[in-house]
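Colleague: Quick mapping for you: the protein sequence lines, in order, are chains A and B.
Residue numbers are given in the UniProt record's numbering: position 55 of the first sequence equals residue 55, and the series is strictly consecutive.
Residue numbers are given in the UniProt record's numbering: position 49 of the second sequence equals residue 49, and the series is strictly consecutive.
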Amino acid sequence: MPTLTSNYLALTGREEAWRFTPLNRLGGLHDGSARISTEQSLNSSDELPQGVSFAMVSQDALSPATQSDDVIVQRIHGNVTQIALLKIAANSQVAQPILLNRIHNQGFEAQYSQLRIEVGENAHATVIIENSGAVILGEDIEVFIAPGGNLKFVTLQEWSDGSVYAARHHANIGKDATFDSITVTVGGSLVRILPTIEFLAPGASAALSGVYFATAGQHFEHRIHVNHGVPKAKSRVNYKGALAGKEAHTVWIGDVFIRAAAEGTDTYELNRNLLLSDGARADSVPNLEIETGEIVGAGHASTTGRFDDEQLFYLMSRGIPMDEARRLVVRGFFAEVISQISNEQIEERLMARIDDELTKAGA
Amino acid sequence: MSTLEIRGLEVSVITEKGPIEILRGVDLTIKSGETHAIMGPNGSGKSTLAYSIAGHPKYTITAGTVTLDGADVLAMKVDERAKAGLFLAMQYPVEIPGVSVSNFLRTAATALRGEAPKLRTWVGEVKAAMSALNMDASFSERNVNEGFSGGEKKRHEIMQLELLKPKIAILDETDSGLDVDALRIVSEGVNRAKASNEMGVLLITHYTRILRYIKPDFVHVFANGRIVEEGGPELADKLEEKGYAEYVGL
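(1) Please go through the same chain and pick out, in chain order, the residues whose beta-carbon is closer than 7 Å to the beta-carbon of B/Gly45, but skip the five residues on each side of it.
(2) How far does the alpha helix (DSSP H) with A/Leu328 in it extend, from its first residue to its last?
(3) Pairs of beta-carbons, one from the region 58-73 of chain B and one from the region 7-15 of chain B, closer than 8 Å: are there three or more?
(4) Per DSSP, A/Phe220 is paired with what?
(5) Quick check: the Cα distance between A/Ala207 and B/Asp27, rounded to an integer number of angstroms?
(6) Quick one, which of A/Asp180, A/Leu100, A/Leu115, A/Ala134 has its alpha-carbon nearest A/His124's?
(7) Out of A/Phe54, A/Phe257, A/Ser44, which has the shortest C-alpha to C-alpha gap to A/Ile103?
(8) Run through DSSP, which three-state label would A/Phe313 get?
(9) By a C-beta neighbour count over all protein chains shown, 10 Å radius and 16 as the cutoff for buried, is B/Pro57 buried or exposed?
(10) Looking at chain B, which residues of the region 302-315 of chain A have a Cβ within less than 8 Å of any of its Cβ atoms?
(11) Using a Cβ-Cβ cut-off of 8 Å, state whether B/Lys194 counts as contacting chain A.
(12) Using a C-beta cutoff of 8 Å, does B/His156 count as contacting chain A?
(13) Check each candidate in A/Arg116, A/Ile98, A/Ala90, A/Ile346 and name the one with the smallest Cα separation from A/Leu147.
(14) Which partner residues does B/Pro233 have in the DSSP bridge list?
(15) Looking at the secondary structure, which residues open and close the alpha helix (DSSP H) in which B/Asn103 lies?
(16) From which residue to which residue does the alpha helix (DSSP H) around B/Gly225 run?
(17) Using beta carbons (cut-off 8 Å, strictly below), is B/Gly177 in contact with chain A?
(18) Residue ranges of each beta strand (DSSP E) run of no fewer than 3 residues wholly in the region 39-85 of chain A, ordered along the chain?
(19) Closest to A/Glu142 by C-alpha separation, out of A/Ser92, A/Arg116, A/Gly254, A/His30, would be which residue?
(20) Hey, is the region 351-360 of chain A in contact with the region 154-164 of chain B, meaning 3+ C-beta pairs nearer than 8 Å?
(21) Is there a Cβ from chain B that is less than 8 Å from the Cβ of A/Ala335?
(22) Using a Cβ distance threshold of 8 Å, determine whether the region 73-92 of chain B contacts the region 47-54 of chain B, with at least three qualifying pairs required.
(23) Nearest-angstrom Cα distance between A/Ile338 and A/Glu347?
(24) May I ask you to report which of helix, strand or coil DSSP gives A/Thr5?
(25) Is the region 224-232 of chain A touching the region 305-319 of chain A in the sense that three or more CB pairs, one from each, lie closer than 8 Å?
(26) Indicate whether at least one CB of chain B lies closer than 8 Å to the CB of A/Met322.
(27) By the three-class DSSP mapping on this structure, what secondary structure does B/Tyr59 have?
(28) Any idea if A/Val256 is buried or exposed, counting beta-carbon neighbours within 10 angstroms, 16 or more meaning buried?
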């Protein structure tokens, strides 16, 4: 029988949702043993464009958070009193990306944090969250997109060594609204992200893209959950990962539910993993549950493999040395997703980081 | 003046059922400025010869030598063979997702020349090579071979040939899948590269029609893993008329 500590379920690690996660490396985020910091660390770097506001607000001033069965998210909701609120006013067309960043350099003190992003009706915006520094952080990000709204949502996990980041990135998408997310995870000791989607009305669509690159000892886990509970919503999932080094471990779960009411659903999810050395492990589990046959399409694919010898031969036959050829192939593999960020400076930084990790891993 | 010398080359591929011998003793010498056509039926081992010279890991050399100006080609890694001056235009060039043609070409030129080409002259060089092959300028922004038509792939191979300036080029069924216009354009590219560079050419083909555009000095008939007859251009005319039946029946 599971035992309860205070109001929270105690994890054993045998739960389906936790069976891949090394609980002992979560820094206490899951079991209440962490000393909780109250310091808020998320900043908006530049002057905010017109129609955009960013402020800390009391939890009481906001509608209750959306439910989650994730124990860390529950603890975040129970502990956080001040929520960061980013609002994009209705009909705003924000051309410049809204940059939020978090740079911790005050050691590993566990912290819970909550961010809410509200995109008004017919508003268009891009939000980029740059995560770096050393943390033990549990974070819940909730996105609400009103009818006709459009949000491009980029999160960069470039945490330093030893960091722990356990988060839910949850989007609620309204009628004819669009959510495009790009999740990049290249740094940290343990990163566990739950990108979850709830469609609120027909015509809503979500495109979830991600890249991750785990090297020796890193555990990067992405558990996607897309709930088609309304008719005529569309979802696309495309995550690409590379692994190099001993005990590099990645987990990708893609759960897509098409409920009985969700006629006209169109969904496809894809996960590709590139194993660059021995001793690394990629778990990839797509799940599709369909309760109605009246859909446009539903599919998934998952591949995990090594370098394609034919690609390397082709490049090398043009004089390109093996290590350079591998670098080109890996860069190319990630470029499909990274180029969607549409920010040259960030893209170059990420590519340089990927080169760097490849060199260090000797792959 | 360069010489590619192939002596007694025997090559196998490893299969689940054990090794299968494909080349059974090939002797061939190609010098700068010469064009040799290797013609033969499907499955005779023509492509195996091409890929073995280029160093594809699938093939195991069991006997024989390949030298370029005396240097042991078989001891070289794949990229070293290219640096030594060999080039293989492939029949089925592979897609490299996410790697643009311009990035690929510049990386290859940098590796072969030992230093990055000067940006300004390089851009001009690439543009000239592309327009000579009737390729749109937007081509360089596409990913290598990704979504290319058959003809585009072959043009892309020959564009590399012109830019990378090898000493000896092996063209593996460059004519396959090309319509008449594309065949002419691609052949002109080969002839330009040959004229500008005294390049030696080993032209592997099933059909004689490409020989109307690229004139061979020597024709070799390939069957069952070896050269079974050799001659001048007139041998191609005979093949055109009579086919490979007499060689396959050997």
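Note that the Cβ used here is the ideal one computed from N, Cα and C, for glycine as well.
Modeller: So, from the listed chains and residues:
(1) Here the question's residue 45 of chain B lines up with position 45 in the second sequence. Answer for B/Gly45: Ile22, Leu23, Phe222, Gly225, listed in chain order.
(2) To locate residue 328 of chain A, count along the first sequence from 1; it is residue 328. It spans 322-338 - the alpha helix (DSSP H) in which A/Leu328 sits, taken as one unbroken run.
(3) yes
(4) Translated into positions along the first sequence, residue 220 of chain A becomes position 220. A/Phe220 pairs with A/Val191, A/Thr250.
(5) By one-based count along the first sequence, residue 207 of chain A stands at place 207. By one-based count along the second sequence, residue 27 of chain B stands at place 27. Roughly 58 Å separates the two Cα atoms.
(6) As a working mapping, residue 124 of chain A is identified with position 124 in the first sequence. The shortest C-alpha separation from A/His124 is found at A/Asp180.
(7) Taking the first residue of the first sequence as position 1, residue 103 of chain A is located at position 103. The candidate whose alpha carbon is nearest that of A/Ile103 is A/Ser44.
(8) Position 313 of the first sequence holds residue 313 of chain A. Of the three classes helix, strand and coil, the one that applies to A/Phe313 here is helix, per DSSP.
(9) Along the second sequence, read from residue 1 onward, the residue named residue 57 of chain B stands at position 57. By the 10 Å Cβ count, B/Pro57 comes out exposed.
(10) Asp308, Asp309, Glu310, Gln311, Phe313, Tyr314, Leu315
(11) As a working mapping, residue 194 of chain B is identified with position 194 in the second sequence. False, the Cβ-Cβ gap to chain A never drops below 8 Å.
(12) Numbered from 1 along the second sequence, position 156 holds the residue referred to as residue 156 of chain B. Not one beta carbon of chain A lies nearer than 8 Å to the beta carbon of B/His156.
(13) Counted from its first residue, the first sequence places residue 147 of chain A at position 147. Per the sequence presented here, residue 147 of chain A reads as Pro, with Leu not at that position. When only C-alpha atoms are compared, the closest one is A/Ala90.
(14) Here residue 233 of chain B refers to the residue found at position 233 when the second sequence is read from its first residue. Looking at the DSSP output, B/Pro233 sits in no beta bridge, so it has no partner there.
(15) Here residue 103 of chain B refers to the residue found at position 103 when the second sequence is read from its first residue. Where B/Asn103 is concerned, the enclosing alpha helix (DSSP H) stretches over 101-113.
(16) Numbered from its first residue, the second sequence carries residue 225 of chain B at position 225. Unbroken run through B/Gly225: none, as it is neither H nor E.
(17) Walking along the second sequence from the start, residue 177 of chain B turns up at place 177. Not one chain A Cβ lies under 8 Å of B/Gly177.
(18) The region 39-85 of chain A contains these whole beta strand (DSSP E) runs: 52-58.
(19) Here the question's residue 142 of chain A lines up with position 142 in the first sequence. A/Arg116 is the residue among A/Ser92, A/Arg116, A/Gly254, A/His30 whose C-alpha sits nearest the C-alpha of A/Glu142.
(20) no
(21) As a first step, residue 335 of chain A must be located in the first sequence, where it is residue number 335. Yes, A/Ala335 lies at the interface with chain B (some Cβ there is under 8 Å from its Cβ).
(22) yes
(23) Taking the first residue of the first sequence as 1, we reach residue 338 of chain A at position 338. Taking the first residue of the first sequence as 1, we reach residue 347 of chain A at position 347. Whole-angstrom Cα-Cα distance: 6 Å.
(24) As a working mapping, residue 5 of chain A is identified with position 5 in the first sequence. Interpretation of A/Thr5 is limited by its pLDDT of 46, a score under 50 that renders its predicted location unreliable; the figure taken from the coordinates is listed afterwards. DSSP places A/Thr5 in strand when its eight states are reduced to three.
(25) no
(26) Numbered from its first residue, the first sequence carries residue 322 of chain A at position 322. Chain B contact via Cβ: present.
(27) Counted from its first residue, the second sequence places residue 59 of chain B at position 59. Looking at B/Tyr59 - three-state DSSP - the assignment turns out to be strand.
(28) By 1-based counting over the first sequence, the position of residue 256 of chain A is 256. Buried, by the Cβ-count rule.
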